[in-house]
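Protein chains: 2
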Amino acid sequence: MEELSNIADNLKLLGDKTRLAILTLLKEREWCVCEFVEIFDMSQPAISQHLRKLKAQGIVKENKRGQWVYYSLHIEDKSYIQAVLDQMPDSKTILSQLNKTQTNIVCE
Amino acid sequence: MEELSNIADNLKLLGDKTRLAILTLLKEREWCVCEFVEIFDMSQPAISQHLRKLKAQGIVKENKRGQWVYYSLHIEDKSYIQAVLDQMPDSKTILSQLNKTQTNIVCE
DNA sequence: ATATCATATAAGCATATACTTATATAATTG
DNA sequence: CAATTATATAAGTATATGCTTATATGATAT
C-alpha cells in the first residue's frame with residue numbers, strides 16, 4: 001500500500017497547470033521537450049524542470065532518440081493518477097485552452 | 001467545461017498530506033474541526049486554515065450545529081476529485097497511518 | 001574540429017505555502 | 001453577567017515552488 005504522504009506528493013505534481021497539461025497530452029502519445037516548449041510558450045529550462053520533477057517521482061519516463069528526449073506516461077501502478085487523467089479533456093481541448101494549435105509545432 | 005487551471009488549483013489542494021487525509025475521512029461521514037485537531041495532532045488554526053482553503057474552492061461545505069462546525073464533501077460536480085478519493089484507502093487505514101485510533105477522539 | 005541544435009543543470013529571486021502564536025468571534029454554561 | 005469551549009482570523013516566519021538567465025552537456029552535421 002502506498003503511503004498517504006507519497007500519494008499527496010504525487011498529486012501535488014498534478015496541481016500545476018503546466019504539468020497537468022503535459023500529463024494530459026501524454027495520454028495521447030509521447031512528446032519531446034521542444035514540442036512542450038513551443039506549446040506552452042515557456043522557456044526550455046522551465047519545461048525541463050517540470051519534466052524532471054515528474055520523472056523523479058516516476059510519473060513519466062524518458063526515451064532518448066538522437067538529440068531528442070521523448071517523454072511518456074508511467075502510471076500503470078498509480079491508479080489515482082490514471083483516475084484523474086481519465087477525467088481530463090482530450091489533447092485538442094487542452095491545446096485550444098493554451099491558445100495554440102498543434103499544427104504550429106516544429107522541432108528540427 | 002471546467003478550466004484547466006481551475007482543475008489544477010483544485011488538485012493542488014489534494015496535494016497536501018493533511019488535506020488529502022481530511023478529504024478521505026470525509027468520504028465516510030462529516031467531521032467537526034475539533035476531531036481533526038485531535039487526529040492530526042496539529043494546532044487548531046492549522047486545521048482551520050486547511051478547511052478554509054477547501055471551502056473556498058467549494059470542495060467541502062460546512063454545517064454549524066451549536067458551537068461545532070461540521071464539514072462534509074461537496075464534490076458532486078468534480079469527477080476528478082471523486083476519482084481520486086475512490087482510490088484512497090478507508091478511514092481506518094488513514095487513521096492508522098496517522099498513528100492514532102479513532103476511539104481517542106473526544107470533543108466536548 | 002567546429003558550429004548548431006536539443007536538453008539539462010545551476011544559481012538567483014519573487015511569490016506561495018504551511019505552519020506558528022496571539023487574538024477575535026460566537027455559542028454554551030453556570 | 002463571566003467563564004468556558006469551539007472556531008476563525010491576523011500577523012509573522014521558514015521553507016517550497018516556479019520561474020528567470022547563464023552555462024554545461026551531448027548529439028548531429030558540415
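Same order as they appear, the protein sequences are chains A and B.
Counting with full-length UniProt numbering, you get residues 1 to 108 for the letters of the first sequence.
Counting with full-length UniProt numbering, you get residues 1 to 108 for the letters of the second sequence.
Note that CB positions come from ideal geometry on N, CA and C, so glycine has one too.
If you're wondering where the values come from, they're calculated on a predicted model, not measured in any experiment.
*For K27(B), three-class secondary structure by DSSP*: Position 27 of the second sequence holds residue 27(B). Of the three classes helix, strand and coil, the one that applies to K27(B) here is coil, per DSSP.
- Can you tell me whether DSSP reads L98(A) as helix, strand or coil? As a first step, residue 98(A) is located in the first sequence; it is residue number 98 there, counting from the start. Shown here, L98(A) sits in coil according to DSSP, grouped into three states, outside any helix or strand.
ask   = Given a threshold of 16 other Cβ atoms within 10 Å of its Cβ, counted over all protein chains shown, does W68(B) qualify as buried or as exposed?
value = Counted from its first residue, the second sequence places residue 68(B) at position 68. Looking at its Cβ environment, which holds fewer than 16 other Cβ atoms inside 10 Å, W68(B) is exposed.
**Item:** Contacting residues, own chain, Cβ-Cβ under 7 Å from residue 185(B) (five flanking each side not counted)
**Value:** Summary: the structure shown does not reach residue 185(B), with chain B confined to residues 1 through 108, and so no result is reported for it.
Legend entry - C-alpha distance - L54(B) paired with R65(A), whole-angstrom precision: For the purposes of this step, residue 54(B) is taken as residue 54 along the second sequence, with counting starting at 1. For the purposes of this step, residue 65(A) is taken as residue 65 along the first sequence, with counting starting at 1. One alpha carbon belongs to L54(B), the other to R65(A), and they sit about 43 Å apart.
What are the residues of the stretch 9-26 of chain B that lie near chain A, defined by any Cβ-Cβ distance shorter than 9 Å?
Within the stretch 9-26 of chain B, the qualifying residues are D9, N10, L11, K12, L13, L14, G15, D16, K17, T18, R19, L20, A21, T24.
Query raised in the report: Along the stretch 70-90 of chain A, what residues have a CB closer than 8 Å to any CB found in chain B?
Result: S79, Y80, A83, V84, D86, Q87, M88, P89
* **Y70(B) vs E38(B) beta-carbon contact at 7 Å** => For the purposes of this step, residue 70(B) is taken as residue 70 along the second sequence, with counting starting at 1. For the purposes of this step, residue 38(B) is taken as residue 38 along the second sequence, with counting starting at 1. Taking 7 Å as the Cβ cut-off, Y70(B) and E38(B) do not qualify as a contacting pair.
Margin query: What does the alpha-carbon distance come out to for the pair T101(B) and M42(B)?
Written below: Taking the second sequence and counting its residues from 1, the one referred to as residue 101(B) is at position 101. Taking the second sequence and counting its residues from 1, the one referred to as residue 42(B) is at position 42. Annotation note: pLDDT 44 at T101(B) (below 50); position unreliable, no value reported.
Item to complete: Can you give me the Cβ contacts of I81(B) inside the same chain, cut-off strictly under 6 Å, excluding the 5 residues immediately before and after it?
Response: Counting from 1 along the second sequence, the entry for residue 81(B) is found at position 81. Only I75 meet the Cβ criterion.
(Q) To the nearest angstrom, how far is the alpha carbon of R19(B) from that of N63(B)? (A) Counting from one through the second sequence, the residue named residue 19(B) turns up at place 19. Counting from one through the second sequence, the residue named residue 63(B) turns up at place 63. Approximately 18 Å, taken between the alpha carbons.
- Message: With H, G and I counted as helix, E and B as strand and the rest as coil, what does DSSP make of E2(A)?
- Response: For the purposes of this step, residue 2(A) is taken as the residue at position 2 of the first sequence. It is coil, neither helix nor strand.
Anyone know if the C-beta pair for L25(A) and S72(A) falls short of 7 Å?
-> For this step, residue 25(A) is matched to residue 25 along the first sequence. For this step, residue 72(A) is matched to residue 72 along the first sequence. Their beta carbons are not under 7 Å apart, which means L25(A) does not touch S72(A) by this criterion.
Would you call T103(B) buried or exposed, if buried means 16 or more other Cβ atoms sit within 10 Å of its Cβ? As a working mapping, residue 103(B) is identified with position 103 in the second sequence. Per-residue confidence for T103(B) stands at a pLDDT of 46, beneath the threshold of 50, marking its modelled position as unreliable; no derived number is given.
- [ ] Tell me whether E62(A) sits in a helix, a strand or coil according to DSSP, three-state version.
- [x] Your numbering for residue 62(A) matches position 62 in the first sequence. E62(A): strand per DSSP, three-state reduction.
Practice prompt. Could you pull the start and end residues of the alpha helix (DSSP H) that S48(B) belongs to?
Written response: One-based indexing of the second sequence puts residue 48(B) at position 48. Here the alpha helix (DSSP H) through S48(B) covers 44-56.
Tell whether a beta-carbon distance below 7 Å holds between D16(A) and A8(B).
Within the first sequence, numbered from 1, the residue matching residue 16(A) stands at position 16. Within the second sequence, numbered from 1, the residue matching residue 8(B) stands at position 8. Yes. Within cutoff.
For this session: Starting from Y70(A), follow its DSSP beta bridges and name the residues at the other end.
Result: Translated into the one-based positions of the first sequence, residue 70(A) becomes position 70. Residue pairing for Y70(A): DSSP places it in a beta bridge opposite C32(A), N63(A).
- Message: Please identify the residue among G58(A), D77(A), E28(A), Q49(A) whose C-alpha is closest to the C-alpha of T93(A).
- Response: Your numbering for residue 93(A) matches position 93 in the first sequence. Out of G58(A), D77(A), E28(A), Q49(A), E28(A) has the C-alpha closest to the C-alpha of T93(A).
Can you find the residues in the same chain that come closer than 7 Å, C-beta to C-beta, to H50(B), ignoring five residues on each side of it along the sequence? Working through the second sequence from its first residue, we reach residue 50(B) at position 50. Correct list, in chain order: T18, R19, I22.
I'd like to check one pair, L4(A) with Q44(B): are the Cβ atoms closer than 7 Å? For the purposes of this step, residue 44(B) is taken as the residue at position 44 of the second sequence. For the purposes of this step, residue 4(A) is taken as the residue at position 4 of the first sequence. No, these two residues do not count as a Cβ contact at 7 Å.
Along chain A, which residues have their Cβ under 8 Å away from the Cβ of Q97(B)?
-> Within the second sequence, the letter at position 97 stands for residue 97(B). Correct list: E3, L4.
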